[in-house]
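Asker:
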Amino acid sequence: MSDANLSGKDWWRANQGKYPNSRSVDDLDPAFRDRVERFLASLRDAGASITIASTRRNATRAHLMHYAWRVAYDRFNPADVPPVAGLNIQWDHGDAEASRRGALDMVNLFGMKHIASLTSRHIQGKAIDMTLSWKSVLEVTRPAPLNARIESLPRSGQNRELHELGATVFGVHKLRSDPPHWSIDGK
Ligand SMILES: [Zn+2]
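Here the sequence shown stands for residues 461 to 647, numbered as in the numbering used here.
(1) Using a 10 Å radius around the Cβ and a threshold of 16 neighbouring Cβ atoms, would you call Leu622 buried or exposed?
(2) Starting from Val600, follow its DSSP beta bridges and name the residues at the other end.
(3) Checking 8 angstroms against the spacing of the C-beta atoms, do Asn537 and Asn465 come in under that value?
(4) Quick check for students: name the residue ranges of the alpha helix (DSSP H) that lie wholly in the region 542-606, counting only runs of 4 or more.
(5) For Met525, collect the residues of the same chain with a Cβ closer than 7 angstroms to its Cβ; drop the 5 residues on either side in sequence, then sort them by chain order.
(6) Which residues share a DSSP beta bridge with Thr511?
(7) Can we say the region 514-530 touches the region 482-490, given the rule of at least three CB pairs closer than 8 angstroms?
(8) Considering only the alpha carbon of each residue, which of Gln618, His633 and Gly626 lies closest to Pro639?
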């Protein structure tokens, strides 16, 4: 490996675009995608506004984020970062402080506020982050003969009746501790 592969700002700018995340429902795992499509079509039909922030997370991007954090903050030995096929990055700068600095620069460029999971449902294409809102009462009538009226508050993705509807009718489950996050099993 050459210095061109050293972790840090230059590496991030030159390479991070190869590992993009998706906000497209089409990129989800087919089994979950079908559930999400039915859920979203029904909510849109009921007049809800939906903004999708994230669907499938690129596995290599998640790896980069996870280990950048660990080298920057967890005293993880940069020489011990496991290799990924097709990914050329050298975490070990031959100097502990320089290695930590390179990783920290990447943490900052990724805009990370906490460590990235390597086992997120997003990596499997089985989770979606979205914000939902509606006016007054949400009347969900698709698929027939569904006839759900949600009058309770809040009028958002945090609504407990909506969580129940998503889980029981559509198989799309809310993770309550993570405001925008819904998945195939609530994880
Ligand atoms: Zn999520």
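Each residue gets a CB set at the ideal place from its N, CA and C atoms; glycine is no exception.
Source: prediction; values computed, not measured.
Answerer: Let me lay it out:
(1) Locating residue 622 in the sequence shown gives position 162, where the first residue counts as 1. Label assigned to Leu622: buried.
(2) The residue given as residue 600 occupies position 140 in the sequence shown. According to DSSP, Val600 bridges with Ala608.
(3) Walking along the sequence shown from the start, residue 537 turns up at place 77. Walking along the sequence shown from the start, residue 465 turns up at place 5. No; because the gap between Cβ atoms is not below 8 angstroms, this pair is not in contact.
(4) 556-570
(5) Along the sequence shown, read from residue 1 onward, the residue named residue 525 stands at position 65. Taken in chain order, the residues that qualify are Phe570, Met572 and Ala576.
(6) For the purposes of this step, residue 511 is taken as residue 51 along the sequence shown, with counting starting at 1. DSSP, once it has assigned bridges, lists Thr591 as partnering Thr511.
(7) Taking 8 angstroms as the limit for Cβ pairs, the verdict is that the region 482-490 does touch the region 514-530.
(8) On the sequence shown, residue 639 is found 179 positions in, with the first residue counted as 1. Of the listed residues, the one whose Cα sits closest to Pro639 is Gln618.
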